[in-house]
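Student: My questions will all concern the structure given below.
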Amino acid sequence: AANAAEIYIKNGNKLDLYCKVDGLRYFSDDADSDGDQTYARLGFKGETQINDMLTGYGQWEYNIQANGTEGEGANSWTRLAFAGLGFGENGPFDYRSNYGVVYDVAAGHDMLPEFGGDSYT
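Note that the sequence shown covers residues 1 to 121 in UniProt numbering.
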């Protein structure tokens with residue numbers, strides 16, 4: 001399930017909080033893939049209107065693997081992070097750690113809840 005909440009909106013500033021919890025169980029002959037693959041994702045997305053022609057925006061998403069014990073090591077990481085500026089009709093400029101260039105093209109066709117769009121991630 002995925003959920004979102006608008007935390008703050010005032011004077012051209014907006015901050016959203018979103019989360020997703022996905023309980024997964026894979027059945028496979030491959031020992032690395034077989035078993036519990038449950039995870040949760042938590043993120044913030046924000047935007048601010050700097051002036052009539054300039055908008056600032058950013059997003060941060062954290063992934064937490066919930067299929068192991070605390071003592072197993074790194075079970076969580078930043079999955080997505082970017083910040084940028086929008087220049088009116090001239091388009092955006094951003095610095096990002098994201099899914100990759102092809103994601104922007106293929107994301108509209110990635111409709112499967114699992115095993116979809118694996119070519120660009």
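Yeah, the Cβ is synthetic: ideal placement off N, Cα and C, and Gly gets one too.
All values reported here derive from a predicted model rather than from experimental measurement.
Got a sec? Which residues, its chain only, sit under 6 Å from Q49 by beta carbon, not counting five neighbours each side?
Tutor: Within the same chain, Q49 has close Cβ partners G12 and T55.
Student: Which whole-angstrom value describes the C-beta separation of Y62 and R96, a residue pair presumed to lie in contact below a C-beta threshold of 8 Å?
Tutor: With 8 Å as the limit, Y62 and R96 do not qualify as a contact, their Cβ atoms being about 15 Å apart.
Student: Beta carbon of T38, beta carbon of A66: below 7 Å?
Tutor: Yes. Within cutoff.
Student: Using a Cβ-Cβ cut-off of 8 Å (strictly less than) and excluding sequence neighbours within five positions of G46, which residues of its own chain qualify?
Tutor: Correct list, in chain order: N13, K14, L15, D16, Y57, G58 and Q59.
Student: Which value, in whole angstroms, describes the spacing of the CA atoms of K20 and N3?
Tutor: Whole-angstrom Cα-Cα distance: 6 Å.
Student: If you reduce the DSSP assignment to three classes, tell me which class Y120 lands in.
Tutor: Residue placement at Y120 is flagged as unreliable, the pLDDT there being 49, under the threshold of 50; a coordinate-derived value is accordingly withheld.
Student: In or out: G43 buried (at least 16 other Cβ within 10 Å) or exposed?
Tutor: It counts as buried.
Student: How is the beta strand (DSSP E) around I64 delimited, first residue to last?
Tutor: From DSSP, the beta strand (DSSP E) with I64 extends over T55 to Q65.
Student: Beta-carbon within less than 8 Å of T78's beta-carbon, same chain only, minus the 5 sequence neighbours each way: which residues are those?
Tutor: Taken in chain order, the residues that qualify are W60, E61, Y62, N63 and S97.
Student: Helix, strand or coil for N11, going by three-state DSSP, please let me know.
Tutor: N11 falls in the coil class under three-state DSSP.
Student: Please classify N3: does DSSP put it in a helix, a strand, or coil?
Tutor: N3: strand per DSSP, three-state reduction.
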